[in-house]
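Notes for the one structure printed next.
In the working numbering, the protein residues as written are -14 to 66.
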């Protein structure tokens, strides 16, 4: 009978260890996914801001050209330089 209790406790330890390992693996995968999602969101936000800054700069150039053309009767090559 003592042999069965030793075997039973060994089996229970094995099953418990496997269950704990599976839970730890799932938890670690969740943490890694959460961190990756956070890093992606931050990188995307940075790219959006960079793109907005570039578009704002281009808009400024275009508005300057619009004012230049509005203030000139005839825009030729020499006047454009």
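Virtual Cβ for every residue (Gly too), placed ideally from N, Cα, C.
Keep in mind that this is a model prediction, so the values were computed, not measured.
If you draw a straight line from the Cα of residue 6 to the Cα of residue -5, it is about 16 Å long. Approximately 13 Å separates the beta-carbon atoms of residue 54 and residue 46; this is outside 8 Å, ruling out the contact.
Across the structure, residue 44 and residue 34 are spaced so that their CA atoms are roughly 15 Å apart. Here DSSP, grouped into helix, strand and coil, assigns residue 59 to coil.
Here residue 15 has no same chain residue with a Cβ atom under 8 Å from its own Cβ, once five neighbours each way along the sequence are excluded.
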